[in-house]
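Chemist:
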Amino acid sequence: MDQPVDLTREIVDLTRDTGEDRDSTPADKFIDLTLVANRDDWVHEPPRTPAGKSYVAVRERLEAQVSQPSKDSHPCTCMFGRSSMKPGVCVELICGMFLRIEKVVHGGYETFLSGRWLFRSKYAEQVLGFLPRVEGELVWLKQKDILATVAKVKRIVEIKFTNNRLDKWEDHSDLVCRLALRVHEHQSSASVGERASVEYLTAAEADPMYSRTSRELRDKWRGKGETILFGAHELPPKLAKPAKRARAPTRPASDISVIDLDEVTVIDLETGTADPEEDSTSPVFNLVDPRNRAYTLGDAFCGAGGVSCGARMAGLKIRWAVDVNPNAIKTYHMNFGGDTTIIEQSSFDQFMSNNEKELRVDIAHASPPCQPFSPAHTINNQERDEKNSACVFVSLDIVKKAKPRILTIEETAGLLERHSRMFNRIIQDFIEIGYSVLWGIVECMNHGVPQTRKRLIVIAAGPGEKLPSFLPETHGPGLRPYKTIADTIDSIPGNAPDHDWWTLLEQQYDRGYKEPYDKHGPAKTLTCSGGERNYHPSGKRRFSEREAACLQTFPLDFRFSSHCIRQQIGNAVPPLLSKSLFEHIAHSLRETDEEELKLPPEPAEPVLMELDEWGCIM
0 MDQPVDLTRE IVDLTRDTGE DRDSTPADKF IDLTLVANRD DWVHEPPRTP AGKSYVAVRE
60 RLEAQVSQPS KDSHPCTCMF GRSSMKPGVC VELICGMFLR IEKVVHGGYE TFLSGRWLFR
120 SKYAEQVLGF LPRVEGELVW LKQKDILATV AKVKRIVEIK FTNNRLDKWE DHSDLVCRLA
180 LRVHEHQSSA SVGERASVEY LTAAEADPMY SRTSRELRDK WRGKGETILF GAHELPPKLA
240 KPAKRARAPT RPASDISVID LDEVTVIDLE TGTADPEEDS TSPVFNLVDP RNRAYTLGDA
300 FCGAGGVSCG ARMAGLKIRW AVDVNPNAIK TYHMNFGGDT TIIEQSSFDQ FMSNNEKELR
360 VDIAHASPPC QPFSPAHTIN NQERDEKNSA CVFVSLDIVK KAKPRILTIE ETAGLLERHS
420 RMFNRIIQDF IEIGYSVLWG IVECMNHGVP QTRKRLIVIA AGPGEKLPSF LPETHGPGLR
480 PYKTIADTID SIPGNAPDHD WWTLLEQQYD RGYKEPYDKH GPAKTLTCSG GERNYHPSGK
540 RRFSEREAAC LQTFPLDFRF SSHCIRQQIG NAVPPLLSKS LFEHIAHSLR ETDEEELKLP
600 PEPAEPVLME LDEWGCIM
C-alpha cells in the first residue's frame with residue numbers, strides 16, 4: 000500500500016493565500032496538480048508533549064494510523080459545528096479541494112482527516128487540459144494519502160460517486176465524481192507525468208445507488224448481445240484445444256470460479272451453468288469455450304504490418320486493416336492476405352464508410368503518421384504535415400464506428416513532449432465519449448527491441464471494460480537481458496531475401512568507410528531513411544534491408560514488396576512491442592470476461608402473447 004505523503008505538503012496554487020475563508024472564485028478553485036510544495040499552514044505542527052515526543056514521532060504515528068485499515072466497528076468521528084464528520088461524509092476545504100472522509104485520526108491536539116481527495120475539473124484546464132470542463136464534475140486524485148486538519152474544512156457537502164457515463168457533458172448544479180486521475184510511478188528513470196491515466200470509477204468505487212454493472216454499461220454502448228466473451232472470432236477446430244465436456248452439477252453463476260484455460264469447461268451464457276444435465280441439447284451459440292475463441296483486431300494505418308505481425312503472435316485474429324500507401328498494402332497482402340477479412344488501400348475517410356458490422360472488433364489500433372510530431376522531423380511540407388496531423392484525430396472515428404472494447408494508439412513520443420495541446424484534445428475526446436484512458440512513454444529496448452526507440456502508447460477502455468495496467472517491461476535489470484545488434488543480425492543467413500550486403504560493401508567502398516562501433520549494444524532509432532548514424536558496426540556498409548527489418552523485430556520470413564522497403568520498415572511499429580502490448584491487453588480482457596461470468600444472469604424479458612376469445616394462443 001502507498002505510504003502517506005509528508006503532512007507538510009499540499010497540492011495547491013502557491014500564488015494564492017489559502018488561509019482565509021473567503022467565497023470561492025474560479026481563481027481560488029484552481030488546483031495546480033503539477034505543484035507539490037512544502038506548506039506550513041496546511042497541517043499545524045503537533046506541539047511537543049510533556050513526555051517529550053517530537054513532531055516527527057507524532058507524524059509517523061499518524062501516518063501509521065492512516066495506512067492501516069480500520070478494525071474498529073465504531074470508527075472515530077469529530078464535530079464540525081453541529082454536524083458529525085465521520086467516514087462517508089464529504090467536505091469542501093478552504094483551498095477549494097474536496098474530501099470524502101474515509102478515516103478520522105486524533106493526534107495530540109489536532110484531528111486529521113484522510114480519504115478520497117477531489118478537485119473541480121473545470122478549473123484545472125490550464126495544467127490538465129485533457130479533462131472535460133464541466134461545472135459540477137469532480138475528479139478523484141488517486142495518489143498517496145494526504146492528511147488534512149479539521150481546521151481546513153469549509154463546509155459539509157453531498158457528492159455523488161457514479162460509474163455511469165454522460166450522454167452530453169453539460170454544466171450541472173450537483174457535485175458528481177465519475178472520473179479518477181492517477182499519475183503512475185515508473186520503475187525506471189522516466190520523469191513524473193510520463194505515465195498517467197483518467198479512469199471512470201468502477202462499480203465497486205461508485206455509490207450503490209449510482210452504480211452500474213459492466214454488462215449494463217457495455218450493452219448500452221455496443222448494443223445488447225453484441226459482445227462475445229473471450230473474443231468475437233471462433234477458432235477452427237484444428238487450432239482450438241478440445242474443451243473438457245465432462246458432466247458437472249448445476250451451480251449458480253455467482254459460484255463459478257476463475258476459468259482454468261488449460262482445463263476448460265464450457266459455460267452456458269444464458270444460465271451461468273457448466274454443462275447442465277437437464278439441458279444437454281443447448282444450442283452451440285449459447286456456449287462459450289475460451290480456448291475456442293480469439294479477440295479480433297482492426298489495424299488502422301497498418302503500413303507493412305508491424306502491429307498486425309505482433310498481434311498475430313499474441314493470438315489475435317486480424318479482422319481488418321487499412322492504409323493509403325500502395326507499397327505498404329502490397330507488403331501487407333503478401334503476409335496477411337489469407338488471414339485478414341478486409342484489407343483496403345484507401346484513405347481512412349473512405350474506409351469508415353464501410354458497414355458498421357464489418358468494422359466491429361474487440362480491439363482497434365491506430366498508428367497515424369508520426370512525422371509532424373517526431374523529433375527527427377526536419378523537412379517542412381505544410382500541406383503534407385497538415386494532412387498527417389489531422390490523421391491523429393481519426394481514432395475517435397474508429398471508436399464511434401467500430402466501438403472497440405479496447406483502443407490502442409502508438410505514436411512518437413514527440414506528440415506528448417512537444418504537442419501537448421493536440422495530445423490533450425485527443426485524450427479529452429476519448430473521455431467525453433465514455434472511455435477510460437491510460438498513456439505513457441515506453442522505451443522499446445525494455446520490450447525486446449534492439450533499438451533506442453521511445454514511443455508513446457495510449458490505451459483506452461470502453462464502457463464496462465477494465466482499463467489495463469500499463470505495459471509491463473520484459474527486458475532490463477532484473478529481467479531478460481537487452482537485445483543487441485549482434486544478437487539480432489549475426490544469425491541472418493547470407494542468402495536471406497533483401498540481404499544484398501555485398502552490394503552495400505561496394506557502394507560504401509567508393510564513399511569511404513565510417514568509424515566502427517561495438518555491435519554488442521542497441522542500434523539507433525530506425526526511421527524511414529534508415530536513421531541518423533545507423534550503419535553496420537563494421538563501418539564498411541549500411542545495414543541491409545533484411546538487417547533493418549530484423550532490428551525492427553520482423554521475423555526472418557516476413558516478405559516485403561519490391562519498392563520503398565526501408566521506408567516501410569522505418570514506419571512500422573516493432574512487432575515485438577506490438578506482441579507485448581496485445582498479450583497484455585488480451586490477458587486483461589480475459590480477466591474482465593471471467594468476472595463477467597460471475598454476474599447473475601439477467602432476468603428474461605416477458606413475452607407478450609395474444610389470445611383468442613377461447614383463451615388460446617393465436
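Using numbering that gives the first Met the number 0, the first residue of the sequence shown is number 0, and each one after it goes up by one. Note that CB positions come from ideal geometry on N, CA and C, so glycine has one too.
Which term fits D288, buried or exposed, when burial requires 16 or more other beta carbons within 10 angstroms of its beta carbon?
Modeler: Buried, because 16 or more other Cβ atoms sit within 10 Å of the Cβ of D288.
Chemist: Just checking my contact of L180 with V138 at CB under 8 Å: how many whole Å lie between their CB atoms?
Modeler: Going by Cβ atoms, the distance from L180 to V138 rounds to 5 Å, so yes, they are a contact pair.
Chemist: Could you name each continuous beta strand (DSSP E) segment of 3 residues or more that falls completely within the region 127 to 192, going from the start of the chain to the end?
Modeler: Counting whole runs of 3 or more residues, the region 127 to 192 contains the beta strand (DSSP E) stretches 136 to 140, 152 to 156, 158 to 160, 174 to 182.
Chemist: Which of helix, strand or coil does DSSP assign to D322?
Modeler: Correct three-state label for D322: strand.
Chemist: How would you write the range of the alpha helix (DSSP H) that V436 sits in, first residue to last?
Modeler: Run containing V436: none in the alpha helix (DSSP H); it sits in the beta strand (DSSP E), 435 to 442.
Chemist: If you drop the 5 nearest sequence neighbours on each side, which residues of the same chain put their C-beta closer than 7 Å to that of H332?
Modeler: Cβ neighbours of H332 beyond the five flanking positions: I342.
Chemist: Rounded to a whole number of angstroms, what is the C-alpha to C-alpha distance between L395 and K151?
Modeler: The straight-line gap from Cα to Cα measures roughly 42 Å.
Chemist: What does D298 pair with, by DSSP beta-bridge criteria?
Modeler: A320, H364, per the DSSP bridge assignment.
Chemist: Output needed for F422: all residues of its chain with C-beta closer than 6 Å, excluding positions within five of it in sequence on either side, in chain order.
Modeler: Answer for F422: L414, L415, listed in chain order.
Chemist: Do S120 and L146 come within 7 Å of each other at the CB atom, strictly closer than that value?
Modeler: No.
Chemist: Should E601 go down as buried or exposed, given a rule of 16 or more other Cβ atoms within 10 Å for buried?
Modeler: By the neighbour-count rule (16 or more Cβ atoms within 10 Å), E601 is not buried but exposed.
Chemist: With DSSP run on the structure shown, which of helix, strand or coil describes L466?
Modeler: Note: L466 maps to coil in three-state DSSP.
Chemist: Express the C-alpha separation of L550 and V351 in angstroms, rounding to a whole number.
Modeler: Per the sequence shown, residue 351 should be read as Met rather than Val. Cα to Cα, the separation comes out at about 33 Å.
Chemist: Going by the beta-carbon positions, is the gap between D322 and G309 smaller than 7 Å?
Modeler: Not in contact: D322 and G309 (Cβ atoms no closer than 7 Å).
Chemist: Work out the CA separation of S307 and W319 for me, nearest whole Å.
Modeler: Taking the straight line joining both Cα atoms gives about 10 Å.
Chemist: Under a three-way DSSP split, which group does G461 fall into?
Modeler: G461 falls in the coil class under three-state DSSP.
Chemist: Would you mind giving the Cβ-Cβ distance between R220 and G433, rounded to the nearest angstrom? I have them listed as a contact below 8 Å.
Modeler: It should be noted that the sequence gives Trp, not Arg, for residue 220. Going by Cβ atoms, the distance from W220 to G433 rounds to 6 Å, so yes, they are a contact pair.
Chemist: Can you tell which of T526, Q507, P86, P403 has its C-alpha closest to the C-alpha of G297?
Modeler: When only C-alpha atoms are compared, the closest one is P403.
Chemist: Could you tell me which residues DSSP pairs with L406 in its beta bridges?
Modeler: Answer is A363, A459, bridged to L406.
Chemist: Using a Cβ-Cβ cutoff of less than 7 Å, which residues in the same chain neighbour G304 once the five nearest sequence positions on both sides are dropped?
Modeler: Contacts found: T330, Y331, N334, F335.
Chemist: Would the C-beta of F335 count as close to the ligand COA, meaning under 6 Å from any of its heavy atoms?
Modeler: In the structure shown, the ligand COA is absent, as is every other ligand, since no ligand is present at all.
Chemist: Roughly how many whole angstroms lie between the Cα atoms of P471 and G439?
Modeler: Rounded to the nearest angstrom, the two C-alpha atoms are 12 Å apart.
Chemist: Closest by CA to M84, which one among I100, C94, E91?
Modeler: It is I100 whose Cα lies nearest to the Cα of M84.
Chemist: Are the region 448 to 463 and the region 472 to 485 touching by the rule of at least three beta carbon pairs closer than 8 Å?
Modeler: Yes: the two stretches touch, three or more of their Cβ pairs being nearer than 8 Å.
Chemist: Tell me the DSSP secondary structure of E582 in three-state form.
Modeler: E582 falls in the helix class under three-state DSSP.
Chemist: Beta-carbon separation of Y209 and K167 under 7 Å?
Modeler: Not closer than 7 Å, so no.
Chemist: Can you confirm whether the region 509 to 518 touches the region 460 to 476 when touching is taken to mean that 3 or more C-beta pairs between the two stretches lie within less than 8 Å?
Modeler: Not touching, per the Cβ criterion.
Chemist: When DSSP builds the beta bridges, which residues end up paired with W116?
Modeler: In the DSSP output, where bridge partners are listed per residue, W116 has L98.
Chemist: Could you give the C-beta distance for D497 and E544, rounded to a whole number, given that I count them as a contact under 8 Å?
Modeler: 4 Å between Cβ atoms; contact.
Chemist: What first and last residue would you give for the beta strand (DSSP E) that runs through Q344?
Modeler: Its beta strand (DSSP E) spans residues 341 to 344.
Chemist: Verify whether the separation of the beta carbon atoms of F111 and T148 is less than 7 Å.
Modeler: Going by C-beta atoms, F111 is nearer than 7 Å to T148.
Chemist: Whole angstroms are fine: how far does the CA of L525 sit from the CA of A585?
Modeler: Answer to the nearest angstrom: the Cα atoms are 28 Å apart.
Chemist: Any idea what DSSP makes of N387, helix, strand or coil?
Modeler: Caution applies to N387, whose pLDDT of 47 falls short of 50 and renders its modelled position unreliable; the model cannot decide the point.
Chemist: I'd like the span of the alpha helix (DSSP H) that includes Y508, first residue to last.
Modeler: Start and end: 500 to 510.
Chemist: If you draw a straight line from the C-alpha of Q344 to the C-alpha of P325, how long is it?
Modeler: Answer to the nearest angstrom: the Cα atoms are 6 Å apart.
Chemist: Alpha carbon to alpha carbon, how far is L234 from T201? Give it in angstroms, no decimals.
Modeler: Each residue's Cα considered, the two are about 32 Å apart.
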